[in-house]
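A short worksheet on the structure shown next.
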Amino acid sequence: MAAGRVRACAVSDDNECQEEKRAKWDNKLQYVLSCTGFAVGLGNVWRFPYLCQTYGGAFVKECEQSTSVDYFWYRETLNISPDMNMNGSGLQWWIVLCLIAAWLILYICILRGIESFGKVIYFTAIFPYLVLLILLVQGLTLPGAIDGLIYLITPELTVLNQPRVWLDAATQIFFSLSLGYGGLIAFSSYNSVKNDCEVDAVTVAVINSFTSIFASIPIFSILGFKATMAYWDCLDKNILLITNEFDIQDGNITKENYDGWLNDLNATHSDRILFLNLKNCDLQNLLKQGASGTGLVFIAFTEAIVRMPVPQLWAILFFFMLFSLGLSSMFGNIEGILTPLLDLKVFPKCVPKEMIAAVICLVSFLIALIFTTASGNYWLAIFDKYASAFPLLIIAFFELIGIIYIYGINRFCDDLEFMTGRRPNLYWHMTWRFISPLLLFAIFVAFVAIEEQHQLSYGAWNPNYVDFPKKEEKEYTGWVIFVCVFLVTFPTVFIPLTALHQLIRSKFGVCYQGNPTIEL
0 MAAGRVRACA VSDDNECQEE KRAKWDNKLQ YVLSCTGFAV GLGNVWRFPY LCQTYGGAFV
60 KECEQSTSVD YFWYRETLNI SPDMNMNGSG LQWWIVLCLI AAWLILYICI LRGIESFGKV
120 IYFTAIFPYL VLLILLVQGL TLPGAIDGLI YLITPELTVL NQPRVWLDAA TQIFFSLSLG
180 YGGLIAFSSY NSVKNDCEVD AVTVAVINSF TSIFASIPIF SILGFKATMA YWDCLDKNIL
240 LITNEFDIQD GNITKENYDG WLNDLNATHS DRILFLNLKN CDLQNLLKQG ASGTGLVFIA
300 FTEAIVRMPV PQLWAILFFF MLFSLGLSSM FGNIEGILTP LLDLKVFPKC VPKEMIAAVI
360 CLVSFLIALI FTTASGNYWL AIFDKYASAF PLLIIAFFEL IGIIYIYGIN RFCDDLEFMT
420 GRRPNLYWHM TWRFISPLLL FAIFVAFVAI EEQHQLSYGA WNPNYVDFPK KEEKEYTGWV
480 IFVCVFLVTF PTVFIPLTAL HQLIRSKFGV CYQGNPTIEL
């Protein structure tokens, strides 16, 4: 529809179309970097490596039972509650201050739309690649890096028959490419009419996929280093226990000959070895210990960084990279809201763009305050799962159906030919008509089927749990399940409502007054 209107305006002599001025990108690189920065985000750095890892790829007691990094993250930083129904002391003021700072920086960057963040994107989109390259060089020099990379490229073929694997893979593509958010469409609307959108789409998709793989190499090399350090620590503790128990001279038992000593002592003094309660030191199990989202970044990766030479330098580089990734992704999210509001003229012309952007940021900030409570980390997981992955599938499905079967694939191909000078080939026709709709519908059915097979639950950080520091699995209460359903339905309910509105308008002959090209 938007393409049809652009084409009509381009060839029309209508004064309103001729007078309508729209901001443009300074150059093609700025547009590609903006789309890349929006698509390439935290999903490439912490969600894609996590999925690879999952599938083959008086508080004193609390601190003693867990690791120092776990304790600092869950207790000192989040001050997390043992149950999501308990908010403790309310908002955590230190997290609120960080949230305010983040939204102020974001607002300054998007103050005037692409005119302002179009300059910032040169840094926020390129800087993460520089940091990843530095981490790659450093990571490959660490002990255990090769073990981490071997684990990355070695799939567990037995899990490929699980529907959950393919569902996670499909939703990861949506999450990673930021499909369905509207940001890519908003960015594209600032291009000239004669723009090769096919090349742009393929370029952004290729860069995004490359980034996911490229980011996994330094991350898995460093996670391999972390697992190796944990493995060596485990061996050292066992060696110390054996040395003291059997009065063996220090240095006789080493990491290299540990297995031989253990086998010999088991054969002659199995009862004494059993009494020592030695830990099972298994490098592969340590590599399999996955962490998702914030857990991967603020726990697993942090545990590795503190063991690296000059840890402060790597910490600053890594977390500033994460901030840049989040910032460039938010440019697209905000623009996906701001651009339609301006194009649809929801606000009077007297309201400046800066004021509208401020309102969007303020409302988003107020909603995000729920993440600053003691149970905020649990709510973050809920929003991540139910407010993004599932609605995006539905939105993308109806976007595809709307363009191909309602607007019409022939009209759409005419628009693309007008823009690029060539018609889409057979591959695009087959994909748009049959393959993509069927895949999206199959993923939708699989998602519903899998979710109905088990109770909705979450992992709680509960120091009083019997198996602590393992997370206690707790079921969501009724009102939390209602919120989950709301987060799924609210972003998608406007699709049938808008369709009903358009049907009523066409049924009763209601049409726009003025420029007829808006209907195209």
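Each residue of the sequence shown is one higher than the one before, starting from 0 at the first, in numbering that gives the first Met the number 0.
Note that the Cβ used here is the ideal one computed from N, Cα and C, for glycine as well.
None of these values were measured; they are calculated from a predicted model.
Q: Kindly give me the distance between the Cβ atoms of G223 and L134, rounded to whole angstroms, as I take these residues to be in contact under 8 angstroms.
A: For the purposes of this step, residue 223 is taken as the residue at position 224 of the sequence shown. For the purposes of this step, residue 134 is taken as the residue at position 135 of the sequence shown. That belief does not hold up - the Cβ atoms of G223 and L134 are roughly 13 angstroms apart, past 8 angstroms.
Q: At 4 residues or longer, and completely inside the stretch 146 to 172: list those alpha helix (DSSP H) runs for me, N to C.
A: Runs found: none.
Q: Return the residue from the list D249, G147 and S269 that minimises the CA-CA distance to A226.
A: Sequence index remark: in the sequence shown, residue 226 carries index 227 (1-based). With distances taken between CA atoms, A226 lies nearest to G147 out of D249, G147 and S269.
Q) Does DSSP put Y189 in a helix, in a strand, or in coil? A) Against the sequence shown, residue 189 aligns to sequence position 190. Assignment of Y189 by DSSP, reduced to helix, strand and coil, places it in the coil class.
Q) Excluding sequence positions up to five away, which residues of its chain have a Cβ less than 7 angstroms from the Cβ of I298? A) Taking the sequence shown and counting its residues from 1, one reaches residue 298 at position 299. Residues V68, D69, W72 and A290 of the same chain have their beta carbon placed closer than 7 angstroms to that of I298, with the five preceding and five following residues left out of the count.
**Q.** Backbone secondary structure at G375 - three-state DSSP
**A.** Position 376 of the sequence shown, counted from the first residue, corresponds to residue 375. Residue state for G375 is assigned as helix, using DSSP reduced to three classes.
Q. What first and last residue would you give for the beta strand (DSSP E) that runs through K473?
A. For the purposes of this step, residue 473 is taken as the residue at position 474 of the sequence shown. It spans E471 to E474 - the beta strand (DSSP E) in which K473 sits, taken as one unbroken run.
Q) Among the residues of its own chain, which have a CB less than 7 angstroms from the CB of G525, if the five just before and after it don't count? A) Nothing can be reported for residue 525, as the shown portion of the chain is limited to 0 through 519.
**Q.** When T66, D195, E255 and W260 are compared against M418, the one with the closest alpha-carbon
**A.** On the sequence shown, position 419 is the one that residue 418 refers to. The residue with the shortest Cα to Cα distance from M418 is D195.
Q) Going by the beta-carbon positions, is the gap between S65 and G138 smaller than 9 angstroms? A) As a working note, residue 65 is residue 66 in the sequence shown. As a working note, residue 138 is residue 139 in the sequence shown. Here S65 is not near G138, since their CB atoms are 9 angstroms or more apart.
Q: Determine the closest residue to I402 out of I79, D414 and W478, with distance taken between C-alpha atoms.
A: Here residue 402 refers to the residue found at position 403 when the sequence shown is read from its first residue. Residue D414 is the option with its Cα nearest to I402.
Q) Would a C-beta distance cut-off of 9 angstroms place F318 and I393 closer than the cut-off? A) As a first step, residue 318 must be located in the sequence shown, where it is residue number 319. As a first step, residue 393 must be located in the sequence shown, where it is residue number 394. In this structure, I393 does not lie closer than 9 angstroms to F318 by Cβ.
Q) G458 lies in the beta strand (DSSP E); which residues open and close that run? A) Start at 1 with the first residue of the sequence shown, and residue 458 comes out as number 459. Looking at the DSSP string, the run of the beta strand (DSSP E) that includes G458 is S456 to A459.
**Q.** Sequence-distant residues of the same chain with beta carbon closer than 7 angstroms to P423, five excluded per side
**A.** Residue mapping note: residue 423 aligns to position 424 of the sequence shown, counting from 1. Cβ neighbours of P423 beyond the five flanking positions: C412 and L415.
Q. F370 and I94: beta carbons closer than 9 angstroms?
A. Here residue 370 refers to the residue found at position 371 when the sequence shown is read from its first residue. Here residue 94 refers to the residue found at position 95 when the sequence shown is read from its first residue. Yes; because the gap between Cβ atoms is below 9 angstroms, this pair is in contact.
Q) If I120 sits next to S327, beta carbons under 8 angstroms apart, how far is it from one beta carbon to the other, in whole angstroms? A) What you label residue 120 is simply residue 121 of the sequence shown in a count that begins at 1. What you label residue 327 is simply residue 328 of the sequence shown in a count that begins at 1. Between I120 and S327 the beta-carbon gap is near 6 angstroms, inside 8 angstroms, which marks them as a contact.
Q.
Give me the residue from G182, E353, Y128 and G331 with the minimum Cα distance to S215.
A. For the purposes of this step, residue 215 is identified with residue 216 of the sequence shown, where counting begins at 1. It is Y128.
Q. Do N409 and the ligand ADP come close, with the Cβ less than 8 angstroms from some heavy atom?
A. With respect to the ligand ADP, the structure shown offers nothing to examine, as it has no ligands at all.
**Q.** Best match in R432, S387, L391 and F396 for proximity to N409 [C-alpha to C-alpha]
**A.** Within the sequence shown, the letter at position 410 stands for residue 409. With distances taken between CA atoms, N409 lies nearest to R432 out of R432, S387, L391 and F396.
Q | Within 9 angstroms, strictly: CB atoms of T242 and P390 | A | Against the sequence shown, residue 242 aligns to sequence position 243. Against the sequence shown, residue 390 aligns to sequence position 391. Taking C-beta atoms as the reference points, T242 and P390 fail to come closer than 9 angstroms.
Q. If S80 sits next to A373, beta carbons under 8 angstroms apart, how far is it from one beta carbon to the other, in whole angstroms?
A. For this step, residue 80 is matched to residue 81 along the sequence shown. For this step, residue 373 is matched to residue 374 along the sequence shown. So it is a contact: roughly 4 angstroms between Cβ atoms.
(Q) For I252, which residues in the same chain have their Cβ closer than 7 angstroms to its Cβ, ignoring the five residues on either side in sequence? (A) Residue numbering aside, residue 252 sits at position 253 when the sequence shown is read from its first letter. Counting only Cβ-Cβ distances below 7 angstroms, and skipping sequence neighbours, we find I238, I241, T242 and W260.
Q: May I ask you to report which of helix, strand or coil DSSP gives L343?
A: Indexing the sequence shown from 1 puts residue 343 at position 344. If DSSP states are grouped into helix, strand and coil, L343 belongs with coil.
Q | Straight-line Cα distance separating V305 from D258 | A | Looking up residue 258 in the sequence shown gives position 259. Looking up residue 305 in the sequence shown gives position 306. CA-to-CA, the gap between D258 and V305 works out to about 29 angstroms.
Q.
Pairs of beta-carbons, one from the stretch 175 to 192 and one from the stretch 343 to 353, closer than 8 angstroms: are there three or more?
A. The stretch 175 to 192 vs the stretch 343 to 353: no contact.
Q | The alpha helix (DSSP H) enclosing F300, as first and last residue numbers | A | For this step, residue 300 is matched to residue 301 along the sequence shown. It spans F300 to I304 - the alpha helix (DSSP H) in which F300 sits, taken as one unbroken run.
Q) Which same chain residues, not among the five before or five after Y385, have their C-beta less than 6 angstroms away from its C-beta? A) If you number the sequence shown from 1, residue 385 lands on position 386. Hits under 6 angstroms: C483, L486 and V487.
Q: Keeping to the same chain, check which residues put their C-beta closer than 7 angstroms to that of Y106; ignore five residues upstream and five downstream.
A: Against the sequence shown, residue 106 aligns to sequence position 107. Excluding positions up to five away in sequence, the list reads A356, A357 and C360.
(Q) Given a cut-off of 9 angstroms on the beta-carbon distance, is the pair G181 and I336 in contact? (A) Numbered from its first residue, the sequence shown carries residue 181 at position 182. Numbered from its first residue, the sequence shown carries residue 336 at position 337. Cβ distance < 9 angstroms, so G181 and I336 count as in contact.
(Q) Can you tell me which residues form a DSSP beta bridge with L90? (A) Walking along the sequence shown from the start, residue 90 turns up at place 91. L90 is bridged to T372.
**Q.** Run of the alpha helix (DSSP H) containing W24, from where it starts to where it stops
**A.** In the sequence shown, residue 24 corresponds to position 25, counting from 1. Element bounds for W24: n/a, residue is neither H nor E.
Q. By a C-beta neighbour count over all protein chains shown, 10 Å radius and 16 as the cutoff for buried, is P142 buried or exposed?
A. The residue you call residue 142 lines up with position 143 of the sequence shown. Exposed is the call here.
Q: Pull up the distance between the alpha-carbon of Y30 and that of F186, whole angstroms please.
A: Position 31 of the sequence shown, counted from the start, is the residue given in the question as residue 30. Position 187 of the sequence shown, counted from the start, is the residue given in the question as residue 186. Taking the straight line joining both Cα atoms gives about 7 angstroms.
(Q) Please state the DSSP three-state secondary structure of P495. (A) Here residue 495 refers to the residue found at position 496 of the sequence shown. Looking at P495 - three-state DSSP - the assignment turns out to be helix.
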